[in-house]
């Protein structure tokens, strides 16, 4: 963990600083050891759902590791599900070796294409992966105009570009990364979560507008 200049990876400041927890029977310092709050966080569980929306079978077939008979190299078919943005779905995952589990997920707040895979690394590395597309809904009238996002990796703005010579880390750190940060994509998760709730529950806009200068909500 503390190796310096590991292989071709250049060091950054504090590369060798790894957080360590020392757990013992005696407290040697009370710094930052305040009382535990009576309320830590709200756990918003999705509503019960008996219907299975998607079923996926993980298996080895014809010498290949596949999900529903599809490998990740099958570009035309590897997107196997299109859950709507902000909706809860129940998925059934079946391992042909004899295990079956069901999971419920709220596909929020962000739309876009995501990948899932088997966590046996040999299977994963041999194509047992698939994608799902969280289909975008229009939240403009619900207080969240999505001005820019990173949904399309082939968009000219985000595609890799040819370079010559060695990589200029200074240009990446001081120019390129600040540029992407200043695009202000996905600016406020709480606002989009509320907009999704309004979209599905109320069927109409909330008394909320968007301050284009601060990128924050303004209640009317």
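Residue numbers (the numbering used here): 2 to 221. Glycine included, every Cβ here is placed at the ideal spot set by N, Cα and C. The structure displayed is predicted, hence computed values, not measured ones.
(request) Output the distance between the C-alpha atoms of residue 96 and residue 104, rounded to the nearest integer angstrom. (result) 14 Å
(message) In whole angstroms, give me the CA-to-CA distance for residue 106 and residue 90.
(response) 6 Å
(request) Have a look at 117, 64, 147 and flag the residue whose alpha-carbon is nearest the alpha-carbon of residue 190. (result) 147
(request) Between the Cα of residue 128 and those of 31, 43, 134, 73, spot the shortest distance and give me the residue it belongs to. (result) 73
(request) Over the uninterrupted beta strand (DSSP E) stretch that includes residue 68, give me the two end residues. (result) 65 to 68
(request) Could you check how far apart the C-beta atoms of residue 178 and residue 149 are, in whole angstroms? I think they sit under 8 Å. (result) At roughly 16 Å, the Cβ-Cβ gap does not stay under 8 Å, so residue 178 and residue 149 are not in contact.
(message) Assuming residue 192 is part of the alpha helix (DSSP H), what are its boundary residues?
(response) 190 to 202
(message) Would residue 71 and residue 131 be called neighbours here (beta carbons separated by less than 8 Å)?
(response) yes
(request) Report all residues from its chain with a CB closer than 8 Å to the CB of residue 48; omit the five preceding and five following residues, and keep chain order. (result) 89
(message) For residue 162, which residues in the same chain have their Cβ closer than 6 Å to its Cβ, ignoring the five residues on either side in sequence?
(response) none
(request) Give the range of the alpha helix (DSSP H) segment to which residue 125 is assigned. (result) 122 to 126
(message) Here's the rule: buried if 16 or more other CB atoms are within 10 angstroms of the residue's CB, otherwise exposed. What is residue 11?
(response) exposed
(message) What ranges does the alpha helix (DSSP H) occupy inside the region 86 to 140, keeping only unbroken runs of at least 4 residues that lie completely in it?
(response) 122 to 126
(request) Indicate the three-state DSSP secondary structure (helix, strand or coil) for residue 81 in the structure shown. (result) strand
(request) Per DSSP, which residues does residue 58 bridge with? Please list them. (result) 95
(message) I need the straight-line Cα distance from residue 92 to residue 123, nearest angstrom please.
(response) 24 Å
(message) Buried or exposed, going by whether 16 or more other CB atoms sit within 10 Å of the CB of residue 197?
(response) buried
(request) Rank 69, 156, 61 by C-alpha distance to the C-alpha of residue 121 and give the top, closest one. (result) 61
(message) Check this for me: beta carbons of residue 199 and residue 143, under 8 Å apart or not?
(response) yes
(message) Rounded to whole angstroms, what is the Cα-Cα separation between residue 30 and residue 42?
(response) 26 Å
(request) Give the DSSP bridge partners of residue 164, in chain order. (result) Answer is none; residue 164 lacks a bridge partner.
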